[in-house]
Structure formats: structure tokens, C-alpha cells
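In what follows, a structure is listed as C-alpha cells, so that the remarks can point back to it.
There are 2 protein chains.
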Amino acid sequence: MSANFVKNALGRLVPTEVNGVPQIPYMGVGKYKPIRRKYAPLISSCADYPADGNKTEPGLKDALIKSGLRDGMVISTHHHFRNGDLVAIQIFDIAKELGIKDLVWVPSASFECQSVLIKYLEDGTIHHIEGSMNGSLGRFTSQGKMKGMGILRSHGGRYQAIQDGEVIIDIAVIAAPTADAFGNATGDRGPTACGLLGFALADSQYANKVIVVTDNLVPFPCIPWQIQGNNVDYVVVVAQVGIPEKIVSGTTEITKSPDRLLLAEWTSQFCDEAGIIRDGFSFQAGAGGTALSIGIYFADILRQRGMKARWARGGSNKYLVKMLEDGLVENILDGQTFDLEGVRSMRENFGHVNTSPFTSYNYHGKGNFASMVDVVILGATEVDVNYNANVVTHSDGTLLHGIGGWQNCIASKCTILPIPLFRDRMPIVREEVTTICGPGELIDVIVTERGIAINPLRKDLIEKMKNSSLPIKTINQLKDEAEAICGVPDKPKFTNKPVAVVKWVDGTIIDTIWQLDD
Amino acid sequence: MSANFVKNALGRLVPTEVNGVPQIPYMGVGKYKPIRRKYAPLISSCADYPADGNKTEPGLKDALIKSGLRDGMVISTHHHFRNGDLVAIQIFDIAKELGIKDLVWVPSASFECQSVLIKYLEDGTIHHIEGSMNGSLGRFTSQGKMKGMGILRSHGGRYQAIQDGEVIIDIAVIAAPTADAFGNATGDRGPTACGLLGFALADSQYANKVIVVTDNLVPFPCIPWQIQGNNVDYVVVVAQVGIPEKIVSGTTEITKSPDRLLLAEWTSQFCDEAGIIRDGFSFQAGAGGTALSIGIYFADILRQRGMKARWARGGSNKYLVKMLEDGLVENILDGQTFDLEGVRSMRENFGHVNTSPFTSYNYHGKGNFASMVDVVILGATEVDVNYNANVVTHSDGTLLHGIGGWQNCIASKCTILPIPLFRDRMPIVREEVTTICGPGELIDVIVTERGIAINPLRKDLIEKMKNSSLPIKTINQLKDEAEAICGVPDKPKFTNKPVAVVKWVDGTIIDTIWQLDD
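Here it is, written out as C-alpha cells:
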């Protein structure tokens, strides 16, 4: 790869071109403002669609052929079925059968269940992936084996890129737990209910051709219509679109680890002492065991004081649903359901609302929900002394995770990362992170089992916590403690070949992921 | 006005240019297919919007000035408050105060309550109106007094025109019964609840600047968000956005006229004998007294036979809501609520669903709901022997009504117009209509108190009704009977100056409205 490189505003070396397309280096938070127009899809005409609304095709192959599937096309899928998706692989099996080459796959995220697609990355059916690459697909990429360069985006960044025409999707395939023949589709009901379909919203709005694949066809109208049939070209009925048990995220139980419980306790105590937990506040906690435990602490505090939160952002789960149904939080603005209680609640509770990356995360909108959240609690694989954080690579340099909504969420009023100081004797707080996913200026607090560091930019928080009983330290103290125990970690060894880039929420490149040298 | 004219596919003389913009003459149903892209709004950035989501401005004037209000701009409003709107006039009072000239007003419809704006049409504050012109504004236009030419569009045609960039809105002002400071807004609750805000959807998606005006500001999040705050620039709180009693449409009671009851009875009998009323069927009846009565007959038939309709299209009213709550119809897909029972039902009933001109009517989508309706019952001011129908002008040539969803609805599987054979001794069925709003090929059945005419194109319906006891006649028989009673009507006298055009659902011009010569 002969790309040229420039240093971006964080001093990271990033390519000026990715897969032949010129790129803009990260310029700082809120610094890059495009002066151009959104992507404009072609105008359709009802004259080209069946008047009776019946868009069904016998099979996915028919629909793909009618959509004009050919070499080099950009194909998108969503990940609401997580590790239980049964549709994405079928698309590329069909492409292989038809002898199609050099497809670009744009999933909202890929999972281990899709690692069989490595064979199509190897044989040229798929040229490269733009989207999260978890597990094996990430490792394959890190090893430099993917033909093209990977492009990692947050959920909001993916919406932004599609809206702005940075990714032009030829064919979107939307797996739907329930749909009608017109293409109206919902994720909140049906035998394989997964909750929402918001990750496919941009695809439905901007893709040239849109195929809805369902295993539960209902008479028109499918209500609610999370995906609007007016954006859909074809509807295909298959035996099963997803495996319900695998839709559920791995971490749906609160942690039992004493270290993690300590992180949860300190984080909630911090929020309380900093005055964040108050009547009408808002919060977002992720799906991990620590985050779930923090939700429990929040609920206890609210219950004791007779207060309630105005809204919480989901990923929803049974704990958040219980808070809603107990009246401790008035609304869940949900982006994806992490368990089946979340799915049930979406159907039953008026205050459990279907959101999308457009409403919640799109940085190229007229504001979004993420910056309005009072406190967000997230994870990280590494944090450095400048509070820059990494969520995609491990300290050995291997790409193993997607960004999810993480980059979007750190726009909140207070972003807290409760993380262990080290994992497997590898320091998590360090001099420099392997990959910067979020700039330090947006990370406010690091909570570890050896102490809590507050970003020096947050003088207000430092002032509020000056008499706290919590062990407030500097980030350098935490790094030194980690290194005192584990030693100074070696840097991972890379070649000079970039294998993927990490986009910032505005479409600029915040960092590069390099080929492992081993 | 020096526009040139051409004859369109219906033989009507239409201008080749309107207000300086080249136009396409009507080419036939489904014949015009634009090969171009939708309108692409400018890309926004969250960096330019308050992170805490508070977009409130002290007043509408501030918001209009911040939106860059200046000469020649295109300003849009919606008509969900119908004759009780209190916001549109304020916009132009402010424009007048600021000395702004030549604005184009694009309401989804205008009503008598806005006739005071005639002074601004006269003094040059407003150049012309694109949108329905009911009553006095229509008469003003017919008299040739408006500076520019009026453009009449259906609800779906308005969405199409905004989506396709045929109307580029500079500032949309959206009056909302409930909203939050971020701009999320809903019509289904609040002291001035009007049900929906769907007529403002296109405006919110495509206008350069969007101002939400509300009299009921609630803490974020306003749920449901019929209008998404992510599309909104400014929020203004005023004392009152609409007068609830006037939101209610005039005709909300079933007819007591024996002639109209006969039309209703024959129409429902026709539907029954033609096999249209069956388990799972769908229908749309308008808001008039006759249409309401037909709904009652449908309900009786369904109840007697233990059947139910799968869906009905609203305008909703207390009769349709009762059918929903009695289990005689499973879903109301609502476009506007005609009474407060409709508003209540929208809030309370899962099956009473918020739709928009995009889902229901946009001809430049991938299908729409209108063509899927089994039977639609509509009115008309005139019908001719070719089944062409008029809904905007009276037989004296005066523009007095908007198109509403009428043009969109006639795409249904069976379109029935129950109309009196004459009104005030003026034949309604005639040789030629004053203005063609809908081509005869889409009008299937005319029901009058002297007989029923079936469009010869509908051989299937003629066959089904051949043994009917209903008085089936030809359209020419009906015309002859009307003329035998009333005499052959004089044609209205026009000058050769066009004052407005009627767009077809695809953006082409189906007919011209001429200046009255009197």
C-alpha cells in the first residue's frame, strides 16, 4: 500500500487515502465542518412498484439479482442479531455462487458467527469490510490479510458516513423479525424478536436498493414500522433470520468480582458526591457487568431519596427495565436491547422508546442526544496519561473490538471509565495507547481499583471532589502504580502497512491500525 | 404574464413556466419518471448546536432573524390546526415589521383564518402562495390579484415537491402542541393537541432552517417525537399556537339529509355487492357527512357478519375510533385527526398509528399506502363524462378549495365519488370539468341520487354489478338527466391570464386555473 501519511491533530500518523478515496485527518473536537450537501438518493416512482404493495420475491438470490448485484458493489447489513445473525453469510454465499468479486461489506458490526466469511475475504468475493470487526475478523485484518483497508466507525459515524455519502450503499439487506409484504419492518416482535432495527435506518434511507428479509410475514400494516416500507424494494421470507438465544449479549448479569464491584461502588459514589445524581438526571451505562452494577447503585440511591431519573439511554436490559417499571426512570431511549426483557419492555412500555443512530449519535445532525446525557459509564482497553482511550485494539496490537456507540457517548456531560488498572499483568493506564479512539479532552474520570483520576480540564469536578473520601489521584500516579506492579509494558510490533483506520464521529481519521509484525 | 402554453396529455392548456421555473406538462398516469436525485440538504454539525440540547429563543422574531430571514425566501407552515392556526400570521407580521419583501408562502394548506394575509399579498410582503388556498385566498387568486402564480399540490405532491427539490424551503415554522427544548415535537398531547404533525414532516427533513413553536414545553424527551429535534434549529415558546375548538373540522356529524343518506346507502350497498367488503379489507372515507354515514353502514355490515377490516385510513373521527375500539377495524393509519376523539385515540390505542404524506401519499417513493386501499370514498365539485374530476374550483370558475389527499387517494383499488347530481340547480356531472384535478382513468364509480355510473375501464365491476338492484347507468345518462333538470350549464368566463396551476402527484402540471373575467 503506497498511501502517504500525515500527522493528525493528536499527532497520530494517518493515511491521506483509504481504498483509493482521499481522507481528512482528525482536526480536533468540533473543528472539522464540511461545507457540502448530504448524499441524495435517486428519485423513485410508485409506477415502478406494485400497486398492491406486494414486494415479495421467492428468495434472497432473486432479490439480490433483481437489485443488480455485481462486482465491486457495496453491501450492508445490521447487527441487531449480534452473534445470532443468520442472514449476512447467505448474501455472500449467493455472491460466491454467482461469481461476484470485490464486494465491500458494510455491516453495522460483524461478530464471531460471521468469521466463516474469511474464506470470501481470501478468495476475493469480499474486498474489504467497513464496520466493526470483532474477534477473528479483526485478527485477520490485523495480520494484514484483507485486500482493502478496514474502516472502523462508531454507530453515529456510520450514520454520518452514509448520510454524507462517504459510504454509498448499493444494496442494503435488512434482517427483520417481523415485516409485511410492503417492507414495513420491526424488531420488537416475532419469533426472533431482537428489539430494534435502528442500525439499519440509514441503510433504508440512503441505499439504492433495500431488501427486507424476514421469518415472520404479517398482513399489512406491520406495526410499528421501525423500517418504513416506502424505502424498501424487495421482501424475502426465509425460515429463520436469527437465533434468539444468541441475540442476547454475553454480559447481562451484574458482576460478582469484588474488584469490579469496588469500581461500581466508587463510580456511583463519585457521581453522587459530584452532584450528578439528582431528580430528573439522565445516564447511560453500557452492557458490561460493572456498568450493570452501577445501575443497581443508581437505583438504590434514587429509591432511598424518592427521586427519579428523567431518562436513561439503552442498550436496555432487565435491570434498566425494572427501574422503568418501578418508576425510578421515566424513559428509556433505547438503541439496542441486550436481553429479552428489553424487547418485551419496548413492546409494552410507552416510555421505552425506539431510537436510532440518527437521533442519538449522528454528529452531522442539528444536535444529537449523546451530548445531553448527564453521565455515561463506559469501558476501554487502554487509557493514556492524556486521557486518550482505546476500545478497538488490545495492548498487543490486535484489532478485536468494534467502536459501537463509544465515540458518540463520550460527548456526554461527564464520561467515566471504570477500568481495572491492569489485566493479566498488562497495565491498562499507560504512557500512550495503542490506538486512539477517543481524544482525552472528552474523557472526564478514570475509576480504577487503586484510585480515581479526574481530567485536569474538569476543574469543576476536581473542586467538587476535593473533600471526598474517595482515593482521588492523578493519572500519572495511576500509571506509575500500574508500572510498579507490572513493569513498563512493551509496545506492540507493527510493520509499516496500515490495515484499518479509525474514523472520528465527523468522518475524519483519528488513528491508524497497523499490520502486526510477528 | 408571458408564459408559453402547451397542451398536456389530457388536452389541457398548461404553462411551460411558472414563476420563472420551467415546468413539465402532465404526461399520463405513471408516465413521467424523473431520472435525477432527491434534494440534498446541507450537512449540519453538532459543533454548531448547543451541547445541552437547549435550542430555545426568546421569541419567533429572534428565531426568524437567526434563521436569516430576508427578501424572496420560501417560508413553510402546516395546517394541522386548520381554521384555528395562530402562528402563520405572526410570521408575516414579523416579516412586514422587518420590511421583508417577496416571500413565498408554502403552507400545507391555508384556511379562512389566514385571509388577513391578503394585505401582505397586496403590499408585496408575500409574492405568492404554493399550497391549498381555501375560501378568500382562493377568490383573491382567482381574481388575478396575486403577484406570482399559485401552485396547488396534493398532500403527497407537496412531500414529493419538497423531497425532489421542486420547492426549496428556506425556513419551516412548525407549530407544535407539545415540544421539548431540543425540538422534538408532537401533536397528540398538550392544551392545543391537534393529533398529528405529519404535514410538517417534509419541511423538517428538507428545510434549511426549522423553527418549532409551542405553547407546551416539556422536559426532554418529548415523547412521541412526531417531529425529530435532530432536524430542528430553534424552539420558541408562545402563549398559544392554536384554538382547539377550531381544530375540529366542520363536518363531524353524520348527514341527516335524505338525499345524502341515500348516497351513503347506495355506496355501501355497491361496495358490498362488488365484493369489496370482506374480512381483512381496507377503506378510506373522508370527513364529509356522507362519508361518515358510509362508515356507519360499513360498521353495521362488519358487525352483522362477524368480520373486521384490517385497516382504515384516517382522517380519523369519533365514528372511526369507535370501529377501532369495537374491534371492527384493526388499525387506523391516520394522516390527520378531524375531532378530539381522534386525538385521544392516537394517544391511547396502539393500532391508531401516526402516518405522514411520505408513508401514505408520496408518489416518488418505493410505493405508498394509497394504492393499497381497497376502496376510497371521496367528494368532488364536478365530474365530467370522461370521469375526470375537479375538487378545487366551483363551476363558476372560482378557486375555493385545496386538493388535500384527494389526488393521492384516487390511486386506490376502487375510487367512488358519491356526489349529488346537481347543487343549487348547477349540474355536477357535466360535459367537461372546469379544472381537472384527477384523470378519469383513476375514478371508478360515481354515485348520485339518480343513479350510479361505473367507469367503462372497470369491466370487472360492471360484470359484478350486472344483476344488481342498484340503478346502474352510464355517465352520459347521468349528465343528460342533470341537464334535463338544470339546463346545459354556461362555462365560466376567464381571461387568458393563468393565476394558478394544479400539479399532478408526480410534479407535472395537470391543469391551469385562469383569472375570472368579471
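Just so you know, the protein sequences line up as chains A and B, in that order. Converting from the first sequence to this note's numbering requires adding 6 to each position, the first position being numbered 1. Converting from the second sequence to this note's numbering requires adding 6 to each position, the first position being numbered 1. Ideal Cβ placement from N, Cα and C applies to all residues, glycine included.
Residue i versus chain A: which residues are under 8 Å apart at the beta carbon?
i, result
"B:MET378", "ALA57, ASP58, GLY59, PHE188, PHE226"
"B:PHE364", "GLN234, ASN236"
"B:ILE286", "Before going further, note that residue 286 of chain B is Gly rather than Ile in the sequence given. By Cβ distance, chain A contributes PRO225."
Would you please verify whether the beta carbon of residue i is less than 7 Å from any beta carbon of chain A?
i, result
"B:THR514", "no"
"B:ARG43", "yes"
"B:ASN461", "no"
"B:ASN236", "yes"
"B:ARG316", "yes"
In the DSSP output, what is residue i paired with across the bridge?
i, result
"A:TRP520", "A:PRO504"
"B:TRP111", "B:ILE81, B:ILE135"
"B:SER116", "B:MET139"
"B:LYS479", "B:ALA459"
"A:MET329", "According to DSSP, A:MET329 bridges with nothing at all."
"B:PHE11", "B:PRO21"
"A:ILE422", "A:ILE383, A:VAL451"
"A:ALA509", "The sequence as given places Lys at residue 509 of chain A; Ala does not occur at that position. In the DSSP output, where bridge partners are listed per residue, A:LYS509 has A:ILE515."
"A:ILE177", "A:ILE81, A:LYS215"
"B:PRO31", "B:ILE515"
"B:GLU63", "B:VAL242"
"B:TRP317", "B:SER288, B:ASN337"
"A:THR147", "DSSP lists no partner for A:THR147."
"A:ILE157", "A:GLU136, A:VAL507"
"A:PHE428", "A:PRO433"
Can you check whether the C-beta of residue i is within less than 7 Å of a C-beta belonging to chain B?
i, result
"A:TRP510", "no"
"A:THR343", "no"
"A:ARG350", "no"
"A:ASP194", "no"
"A:ARG164", "no"
"A:LEU16", "no"
Whose Cβ in chain B lies nearer than 9 Å to the Cβ of residue i?
i, result
"A:CYS52", "GLY36, ASN368, TYR369, HIS370, GLY371, LYS372, GLY373, ASN374, ALA376, SER377, ALA417, VAL511, ASP512"
"A:VAL359", "PRO227, ILE229, PRO230, TRP231"
For residue i, which residues from the same chain have a beta carbon less than 8 Å from its beta carbon, with the 5 sequence-adjacent residues on both sides left out?
i, result
"B:ARG18", "TYR32, ILE442, ILE516, ASP517, THR518"
"B:GLN120", "ASP91, ALA94, ILE95, PRO113, LEU143"
"A:TRP317", "SER288, VAL335, GLU336, ASN337, ILE338, LEU339"
"B:ILE71", "LEU104"
"A:GLU447", "VAL35, TYR393, ASN461, LEU463"
Within the present structure, is the beta-carbon of residue i separated from the nearest heavy atom of the ligand NAP by less than 6 Å?
i, result
"A:ALA199", "The ligand NAP is not part of the structure shown, which contains no ligands of any sort."
Who are the near neighbours of residue i in its chain, counting only those whose CB is closer than 6 Å to its CB and skipping five residues on each side?
i, result
"A:ILE249", "GLY90"
"B:SER82", "VAL112, ILE175, ALA178, ASP209"
"B:MET329", "ALA305, VAL335"
"A:VAL254", "ASP345"
Could you work out which residues of chain A lie near residue i, taking near to mean beta carbons separated by less than 7 Å?
i, result
"B:ILE49", "PRO40, ARG42, ARG43, LYS44, ASP170, HIS370"
"B:ASN337", "PRO227, ILE229"
Would you mind telling me which residues of chain A sit closer than 9 Å to residue i, beta carbon to beta carbon, in chain order?
i, result
"B:TYR441", "The question names Tyr, but residue 441 of chain B is Thr in the sequence shown. Those do not exist, as B:THR441 stays about 24 Å from chain A at its closest Cβ, beyond 9 Å."
"B:TRP412", "Under the 9 Å cutoff, chain A gives no residues; its nearest Cβ is about 16 Å from B:TRP412."
Leaving out the 5 sequence neighbours to the left and right, which residues in its chain are closer than 7 Å to residue i when beta-carbon positions are compared?
i, result
"A:GLU489", "PRO433"
"B:THR440", "GLU388, ASN396, THR399, SER401, GLY403, PRO498"
"A:GLY493", "none"
"B:ILE302", "ILE260, TYR325"
Interface residues of chain B around residue i at Cβ under 8 Å?
i, result
"A:ASP239", "LYS372"
Start-end ranges of the beta strand (DSSP E) lying completely within the stretch 232-296 of chain B, minimum 3 residues: 240-243, 288-291
Jot down the residue ranges of each uninterrupted alpha helix (DSSP H) in the stretch 321-401 of chain A, minimum 4 residues, whole runs only, in chain order. Residue ranges of uninterrupted alpha helix (DSSP H) with 4 or more members, entirely inside the stretch 321-401 of chain A and ordered along the chain, are 324-331, 346-354, 363-366.
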